[in-house]
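Worksheet: one structure, shown below.
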């Protein structure tokens, strides 16, 4: 009896407390909304949004619905996160390895890079790139061509766009190449396990990746043209580039700040991972007669990756969440488009803020679930 | 006659090699330095791209010649070991040295030699360098926001008092030490709140009322991060204990709370506090925006705090729990006297890191219209009298934040090292 009381009374009290808080808040919200004549509901999502978004991956105009505006914002968020994740991984791995270099100068420059970018608030970094550094770029008419075809101007970065013909044939060829590489790898590992033969898989894979898409150009009727941006005069003093793809300065500033900032954390993860593999492993591998490359590939990396990947994924998640700072420099991401403009227009504070938060929550929890599954899979199985 | 063997250094020609090698490296460095500082191109007689590559090639050859194992010369050995182990390392070394030399004169002249600091209007800044006059004129705004100039002493006094009270723990008598936790968790926050409320906000004791809308600048950053830290710590402790509880209802409520706040970005939390939260308050009940923001950040950081504390709780060996239980201690007794004192000591570095993240996150309150340092910079930047000094402003703010955060991260490293050895 005593036990039951000890077990259930606290739980009931806590649940009661939580329910009371929620009830109190809901009640207040209801009275407040009644007083202001706002009704609760998600019907507004299908209404016409009648605002414009300056940068969007899909077709969007003011006559589209709020739901589509949400999609535009979400895609922009995912775009900036995706680009930044790639750049910060490359930078982070380089810096992390450099911190372990035997070269005094390299080690210390990498160390100072980490200390420098890690200790300045991300928002300030974004502001610095957007308001100070990128504003110092030349006007469109004075910009010099980089590599002859791209232009870095104060209005954005202009790169050539690709005009495809029969793109689907090309994609099928790429897909076929990837599938055949997977088959080849399986076959190679089977051959290695059963007969001890080594096949240069990497060489064949690269060859497949190049040859198959190339064949599609020759026989599949695929053609690719580059549309190079050209300077066009709008009025007496205003110029603009036409053709090609224009990356707005907001996107560039955001990608720069996010990837530089996060790369410091990735670098620390990489360093910790490589340092975490004990020296004995390396020596043991060398004494069995593996070459330095094989030691790195077969012994160090698999163990280091096990330590590196979980915290790095966490950093990727942080990056995705941090990309919401885009709202501060008016890059049309989920927060700005939906929790900013759409909220101002509809006044549906509760619905819109909850949708926005739930979206981020879904992304986070999905990635966390995948990570847990992956961790379980690569975990050392001890008997 | 001595012949120079150019193929391989051996015992007889070590000296020749090291001398020729260091001479070549010196030539390449002199070339780059004269190019960067004096704008003289010593190698202009060479064709186009070779001029730029000349120091690199010469330097590489020089370093290659200097690379002698066990040369007997201490400096040379040290140099070879640290910056010149192979050709690739030598290349990277040269590239880093050259880029430092190239960047130095430009940034130095912009920041110091060509910069202006005299005068008190934009007209004083005519040079090509930075305009620190801008920072000088706006300095008080950046530090105190729109807080009236004649009352700045109130903010300073409040901060000194709060910091002083924070150090009381060091001077407490030995027999009072057991109340230290009580002091820091309950009494100190209350006193600090009263000090800040009565001194900075005013309204009584003959002090003029200053509304929170006028607060700003760096002092607001400190106020927000200070309150969030002292409030989020106890809250985080509750949720950490809740998550490890064996009562399912409490456990799952804690998990939901923690995972929810950790899954959303702070900016949406701030949006929530500014546009959604007022809807949930009773009618005719007004809560100041600053208070709402502090509550929002506290709830948010408490989740991170909880995870850090949970890490500390988990790292304690099971024996500690078993021993406490076998002495007949109940849940609360066990936690207060055995578990928490040990666990909290373990998580101090982690808490310091959370606090560091919190300080770095505070500029975000700019998004909901509170003008702390980043907000004041945005305001100053759009002032028609002071257009075009965004660069100086952001560099100034970056330096300030960098110093604060770097000092804190070094301090947390020290703490980590200290507590590691004690175990």
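Protein chains in written order, with the working numbering: chain U, 1 to 383; chain H, 1001 to 1423.
C-beta atoms are modelled at their ideal positions from N, C-alpha and C, and glycine is treated no differently.
Item, Value
"With a threshold of 9 Å between beta-carbons, can residue 1229 (chain H) be considered close to chain U, or not?", "no"
"So, for residue 1380 (chain H): in the same chain, excluding its five sequence neighbours on each side, which residues have a beta-carbon less than 7 Å away from its beta-carbon?", "1138, 1141, 1386, 1393"
"Does any residue of chain U have a CB that is nearer than 9 Å to the CB of residue 1409 (chain H)?", "yes"
"Against chain H, which members of the segment 28–48 of chain U pass a CB distance test of less than 8 Å?", "28, 29, 31, 32, 33, 35"
"Under 8 Å, with one C-beta from each stretch per pair, do the segment 200–217 of chain U and the segment 169–177 of chain U reach the 3-pair mark?", "yes"
"Taking just the CA atoms, how far does residue 1171 (chain H) sit from residue 357 (chain U)?", "46 Å"
"Considering only the alpha carbon of each residue, which of H:1260, H:1299, H:1250 lies closest to residue 16 (chain U)?", "H:1250"
"In whole angstroms, what separates the C-alpha of residue 1001 (chain H) from that of residue 1018 (chain H)?", "Here the model assigns residue 1001 (chain H) a pLDDT of 47, short of 50, so the residue's position is not dependable, and the following value carries that caveat. Spanning the two alpha carbons is a distance of roughly 19 Å."
"On the DSSP letters alone, give me the boundaries of the beta strand (DSSP E) that residue 164 (chain U) sits inside.", "161–165"
"Just how far apart, CA to CA, sit residue 130 (chain U) and residue 256 (chain U)?", "10 Å"
"Ends of the beta strand (DSSP E) at residue 233 (chain U)?", "230–233"
"For residue 199 (chain U), collect the residues of the same chain with a Cβ closer than 7 Å to its Cβ; drop the 5 residues on either side in sequence, then sort them by chain order.", "188, 191"
"Going by DSSP in three states, residue 1040 (chain H) sits in which element: helix, strand or coil?", "coil"
"Is the Cβ-Cβ distance between residue 1078 (chain H) and residue 1028 (chain H) less than 9 Å?", "no"
"Keeping to the same chain, check which residues put their C-beta closer than 6 Å to that of residue 110 (chain U); ignore five residues upstream and five downstream.", "95, 98, 99"
"Would you kindly work out how many angstroms separate the C-alpha atoms of residue 69 (chain U) and residue 49 (chain U), rounded to a whole number?", "7 Å"
"Where in the segment 228–312 of chain U do unbroken runs of the alpha helix (DSSP H), each at least 4 residues long, occur, reported from the N-terminal end onward?", "249–276, 279–287"
"Can you list the residues of chain H that residue 162 (chain U) reaches, using a CB-CB cut of under 7 Å?", "Simply none; closest approach about 31 Å."
"Using a cut-off of 9 Å between C-beta atoms, extract the partners of residue 131 (chain U) located in chain H.", "1377, 1378, 1381, 1390, 1391, 1393, 1394"
"Does any residue of chain U bring its CB to less than 9 Å from the CB of residue 1401 (chain H)?", "yes"
"Within the chosen definition, does the segment 220–228 of chain U reach the segment 49–59 of chain U through at least 3 CB pairs nearer than 8 Å?", "no"
"State yes or no: is the C-beta of residue 259 (chain U) within less than 9 Å of the C-beta of residue 85 (chain U)?", "yes"
"Do we get a CB-CB distance below 9 Å when we pair residue 327 (chain U) with the residues of chain H?", "yes"
"Let me know if residue 1293 (chain H) comes out buried or exposed under the rule of 16 or more other beta-carbons within 10 Å of its beta-carbon.", "buried"
"Sorted by chain position, which residues of the same chain lie with C-beta nearer than 8 Å to residue 318 (chain U)'s C-beta, five sequence neighbours on each side aside?", "262, 265"
"Is it right to say residue 1377 (chain H) is buried, meaning 16 or more other beta carbons lie within 10 angstroms of its own, or is it exposed?", "buried"
"Under DSSP, the beta strand (DSSP E) around residue 151 (chain U) begins and ends at which residues?", "150–153"
"Could you work out which residue in H:1090, H:1323, H:1254 is closest to residue 105 (chain U) when comparing CA atoms only?", "H:1090"
"Have a look at the DSSP bridge pairing and note the partners of residue 1059 (chain H).", "Note: residue 1059 (chain H) sits in no beta bridge, so no partner."
"Can you tell me the Cα-Cα spacing of residue 1423 (chain H) and residue 343 (chain U), whole angstroms?", "In this prediction, residue 1423 (chain H) scores a pLDDT of 47, lower than 50, which makes its location untrustworthy; the coordinate-derived value is nonetheless stated afterwards. Spanning the two alpha carbons is a distance of roughly 53 Å."
"Pull out every residue of the segment 1250–1273 of chain H whose Cβ sits closer than 9 Å to any Cβ of chain U, in chain order.", "1250, 1253, 1259, 1260, 1262, 1263, 1264, 1265, 1266, 1267, 1268, 1269, 1271, 1272"
"Write down the C-beta distance between residue 251 (chain U) and residue 374 (chain U) rounded to the nearest angstrom, noting that I regard them as a contact closer than 8 Å.", "About 30 Å separates the two Cβ atoms, so there is no contact after all."
"What distance in whole Å lies between the Cβ atoms of residue 1244 (chain H) and residue 1304 (chain H), which are believed to be in contact at a cut-off of 8 Å?", "With 8 Å as the limit, residue 1304 (chain H) and residue 1244 (chain H) do not qualify as a contact, their Cβ atoms being about 16 Å apart."
"Buried or exposed: residue 155 (chain U), going by 16 or more other Cβ atoms within 10 Å of its Cβ?", "buried"
"Can you check whether the C-beta of residue 1423 (chain H) is within less than 9 Å of a C-beta belonging to chain U?", "With a pLDDT of only 47 at residue 1423 (chain H), under 50, the local geometry of the prediction cannot be trusted, and no value is derived from it."
"Whose Cβ in chain U lies nearer than 7 Å to the Cβ of residue 1315 (chain H)?", "Ordered by position in chain U, no residue passes the 7 Å Cβ test against residue 1315 (chain H), which lies about 17 Å from the chain."
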